[in-house]
Amino acid sequence: MKAKIETITKEAFSKYGQVIEMPIKTEPTIAVPTVNFWKQQAFLAIDGDVEVGVLNIKKMDMVYDDLENHFETQTGLISLTGDWAIGVATPSDAVPKAEDMKAFRVAKNQLVVLADKCWHTAPFAVDIEENIMLVICKKDFLDNDTVYEKIDQPGELVF
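Residue numbers (our numbering): 106 to 264.
Below you can see the structure in the form of C-alpha cells.
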C-alpha cells in the first residue's frame with residue numbers, strides 16, 4: 106500500500122500531533138537587535154525527566170512492514186541536517202491498516218511533536234544520504250513505552 110507524501114503543515118498534521126513551521130509566520134514574542142524569540146510554539150506533556158537522543162537515518166527505499174507507538178509519551182523530532190519523511194496514523198490503541206497511513210515531508214529545522222498513541226514509521230532521509238536528528242521524549246521511553254507491531258500489509262511512502 107502506497108502513501109503519497111505531502112508537505113507537512115500545522116493543519117494537515119493536527120490529527121497526529123504538532124508542528125512548528127519554519128520560518129515562523131507570526132510576530133516574535135521578543136524582538137530586540139540581538140534575538141527574535143517566539144514562545145509556546147509547541148507543547149510536550151511529559152511527566153518526569155526529558156531525554157534527548159540522537160538519531161542517524163540513512164537514505165533508503167521508504168518501505169515498512171511494522172509501526173512504532175509510544176502509548177504514554179509524546180515524541181519530538183527535529184532534523185539538523187536534511188529533510189525527512191514519516192508515515193503516521195491517527196492516535197489509537199489499535200494497530201492501523203496500511204490504507205489508513207498518511208505520509209509527510211518535513212523540512213530540516215522543523216519540529217514535529219507526535220501525539221501519544223500516534224502510530225508511525227521510522228523517519229526516512231529524503232534529500233541527503235545521512236540525516237542527523239534529535240529525538241525529544243520522556244526519559245527511558247525506548248525501554249518503557251515503545252511498541253513495535255506488524256501492519257496488515259507492507260507499506261511505502263512515495264512522492
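Just so it is clear, CB atoms sit at the ideal spot from N, CA and C, and this is done for glycine as well.
The structure presented is a predicted model; accordingly, all values stated were derived computationally and were not measured.
Please list the terminal residues of the continuous beta strand (DSSP E) segment that includes residue i.
i    : result
F209 : K207 to V211
Q145 : Per DSSP, Q145 belongs to no beta strand (DSSP E) and is neither H nor E.
Excluding sequence positions up to five away, which residues of its chain have a Cβ less than 6 Å from the Cβ of residue i?
i    : result
L262 : A108, I110, M167, A190, G192 and A208
Over what stretch of residues does the alpha helix (DSSP H) that includes residue i continue unbroken?
i    : result
F118 : K115 to F118
F246 : F246 to N249
Under the assumption that residue i contacts residue j (Cβ atoms under 8 Å), give the Cβ distance between them as a whole number of angstroms.
i    : j    : result
E234 : N161 : About 11 Å; that fails the 8 Å criterion.
D188 : K213 : 6 Å
I151 : K243 : 5 Å
A147 : I129 : Contact doesn't hold; Cβ gap of about 11 Å is too wide.
Per DSSP, residue i is paired with what?
i    : result
S184 : M238
Q179 : BP columns for Q179 are empty, so no partner.
V155 : K243
E173 : H225 and Y253
T59  : The chain is shown from 106 up to 264; residue 59 falls before or after that span and cannot be answered.
By Cβ distance below 8 Å, which residues in the same chain neighbour residue i in space, the five residues on each side in sequence not counted?
i    : result
F246 : E156, H175, T178 and T180
> Is the number of C-beta pairs between the region 230 to 239 and the region 198 to 208 that are closer than 8 Å three or more?
Replying inline: no
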